[in-house]
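Numbering (my numbering), first residue to last: 2 to 172.
Read the structure below first, then the notes.
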């Protein structure tokens with residue numbers, strides 16, 4: 002069965018997002034946390050559906066934000082990523098992350114960060130395959146007492162100063 006991806010489209014998506022995140026992630030979030038992210042940065046959050054989104058609940062979601070960090074860096078942040086257990090190992094999480102990364106890059110972020118549980122090997126493998134590196138270990142970061150790794154992806158600046166209309170990435 003194919004998967005369809007779309008941006009967050011409003012308050013009607015919220016109950017589905019909350020159910021999916023609360024059933025799959027260890028950290029408890031209240032409705033205000035979801036609204037904080039989704040109302041300010043709706044274009045950075047995406048949902049995944051099996052084939053027909055009109056007749057089914059989402060099977061995956063990513064919730065993100067973007068802000069200035071220490072008034073020097075335009076930083077993207079992946080707050081929540083969740084895929085239903087029955088739909089894992091199909092590239093859904095990877096596609097959700099790539100969709101959000103692309104949206105954040107269009108907004109000019111210089112780096113993207115996230116935290117994940119230190120022993121979540123699937124999440125660490127996913128993010129590292131997309132270029133994230135482990136920045137530091139955060140001891141007892143989560144309410145359940147678990148440590149986390151903070152991961153960071155540096156986004157190279159793009160330039161278009163040669164008059165060709167092409168964007169060049171400086172490495």
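Beta carbons are placed, not taken as given, at the ideal position from N, Cα and C, and that holds for glycine.
- Going by CA-CA distance only, name the one from 8, 70, 109 that's closest to residue 64. Answer by Cα proximity: 8.
- Query: Excluding five sequence neighbours on each side, which residues of the same chain lie with their C-beta closer than 7 Å to the C-beta of residue 135?
  - Reply: Closer than 7 Å at the Cβ level, and outside the excluded window around residue 135, lie 150, 152.
- Item | For residue 129, the first and last residue of its enclosing beta strand (DSSP E) | From DSSP, residue 129 is part of no beta strand (DSSP E) but of the alpha helix (DSSP H) over 122-130.
- Item | residue 132 to residue 74 span [Cα, whole Å] | Distance from the CA of residue 132 to the CA of residue 74, rounded to the nearest whole angstrom, comes to 19 Å.
- Segment contact, 8 Å Cβ cut-off, at least three pairs: the region 10-24 with the region 39-48: Yes, since at least three Cβ pairs between the region 10-24 and the region 39-48 fall closer than 8 Å, the two stretches touch.
- Message: I need the straight-line Cα distance from residue 110 to residue 76, nearest angstrom please.
- Response: Between residue 110 and residue 76, the C-alpha separation is close to 5 Å.
- Query: Do you know offhand how far residue 172's Cα is from residue 130's?
  - Reply: Reliability fails at residue 172, whose pLDDT of 49 lies under 50, so the model's placement of it is uncertain and the value that follows must be treated cautiously. C-alpha separation (whole angstroms): 19 Å.
- Item | Contact under 7 Å by Cβ, residue 49 with residue 61 | Yes, the pair counts as a contact, with Cβ atoms nearer than the cut-off.
- Endpoints, beta strand (DSSP E) assigned at residue 116: Start and end: 112-118.
- If you draw a straight line from the C-alpha of residue 20 to the C-alpha of residue 84, how long is it? Straight across, the Cα-Cα distance linking residue 20 with residue 84 is about 11 Å.
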